[in-house]
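Following: one structure in structure tokens, then a few remarks.
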Amino acid sequence: MADDRGSGDVAEKAVGEIDGELYRKVLGRYPTGVTLVTAMDGEDPVAMVIGSFVSVSMDPPLVGFLPGKESYTWGRMSSSKSFCVNVLSDTQTDLSNAFFRKDSDPWEGSGWQPAEVTGSPAIPSCLASIDCMVREVVDAGDHWFVMGEVVAVSHVDEGSPLVFLGGKYGNYRAQD
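If you read the sequence shown in this note's numbering, its first letter stands for residue 1029, the second for the next number, and so on.
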């Protein structure tokens, strides 16, 4: 059977026999937004960079994200009953990268403030902040699906979102 999708390699496997490297490569072709999901661990703010953020429902307003089961940060966040999703702009690559480094305090200079309802860290310079109460945590293979009920939102009117595609950051460009 001819493949009319381009000159890329086509690999067919039976269900359940998906090659992990190929799977990552294929899913890496799907762009995602970049968010910083935050919570409080006692008195300490914690955060993880998440590309798996999703709107779940408008009524009631529900959102979700998928942290890895082995995530150290999720281990710290999981006891919190709330979280805040901060949508990064295309000027916030450094902020995103700061949460991957171990040699400095990623919160320094972030200007975070307690979110309106839950007190989870909200970052006013982000495009949007979505304050949530944890509604449900569902087993999803090697990840958890964390669903939250939105209790407050804020946004700025200017800016473009930071996107991630093929292992690299980029920006959104609207077509005319």
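Glycine residues also receive a C-beta, built at the ideal position from the N, C-alpha and C atoms.
What is the DSSP secondary structure of residue i, counted as helix, strand or coil?
i: Ala1180; result: strand
i: Ser1085; result: strand
i: Asp1122; result: helix
i: Val1062; result: coil
i: Asp1031; result: A caution first: Asp1031 carries a pLDDT of 49, below 50, which makes its placement in the model unreliable, though a value can still be read off. Asp1031 falls in the coil class under three-state DSSP.
i: Ala1150; result: strand
i: Gly1079; result: coil
i: Gly1137; result: coil
i: Asp1204; result: coil
Thinking residue i and residue j are a contact (beta carbons under 8 Å), I'd like their distance in whole angstroms, please.
i: Thr1060; j: Phe1173; result: Actually they do not touch by this definition, with Cβ atoms about 15 Å apart.
i: Leu1094; j: His1171; result: 4 Å
i: Gly1092; j: Val1084; result: 5 Å
i: Ser1228; j: Gly1187; result: Here the chain has residues from 1029 to 1204 only, and residue 1228 is not among them.
i: Val1162; j: Gly1139; result: At roughly 25 Å, the Cβ-Cβ gap does not stay under 8 Å, so Val1162 and Gly1139 are not in contact.
Have a look at the options and flag the residue whose alpha-carbon is nearest the alpha-carbon of residue i.
i: Ile1078; options: Pro1089, Ser1124, Val1054; result: Ser1124
i: Lys1130; options: Met1068, Val1091, Met1076; result: Met1076
i: Asp1185; options: Ser1099, Gly1169, Ala1156, Gly1137; result: Ala1156
i: Pro1134; options: Glu1144, Arg1057, Pro1149, Ala1143; result: Pro1149
i: Ala1202; options: Gly1194, Gly1195, Pro1189, Met1068; result: Pro1189
i: Val1115; options: Thr1063, Tyr1200, Ala1067, Met1086; result: Thr1063
i: Ala1168; options: Ile1151, Met1105, Glu1098; result: Glu1098
i: Met1086; options: Ser1080, Gly1195, Val1179; result: Val1179
i: Asp1069; options: Thr1119, Tyr1100, Val1082; result: Tyr1100
i: Glu1144; options: Glu1136, Ile1158, Ser1153; result: Ile1158
i: Arg1104; options: Lys1053, Gly1195, Glu1071, Glu1164; result: Glu1071
i: Phe1081; options: Val1054, Lys1053, Phe1111, Arg1052; result: Phe1111
i: Ile1151; options: Ser1182, Glu1045, Glu1164, Phe1128; result: Ser1182
i: Gly1137; options: Gly1147, Asp1122, Phe1128; result: Asp1122
Between which two residues does the beta strand (DSSP E) harbouring residue i extend?
i: Leu1090; result: 1089-1093
i: Val1191; result: 1190-1193
i: Lys1130; result: That residue, Lys1130, is in no beta strand (DSSP E); it is neither H nor E in DSSP.
i: Gly1198; result: 1196-1199
To which residues does DSSP link residue i through a beta bridge?
i: Trp1172; result: Asp1167
i: Ala1067; result: Val1074
i: Ile1158; result: Val1113, Val1181
i: Ala1143; result: None, per the DSSP bridge assignment.
i: Gly1096; result: His1171
Between which two residues does the alpha helix (DSSP H) harbouring residue i extend?
i: Tyr1051; result: 1048-1055
i: Gly1103; result: 1100-1105
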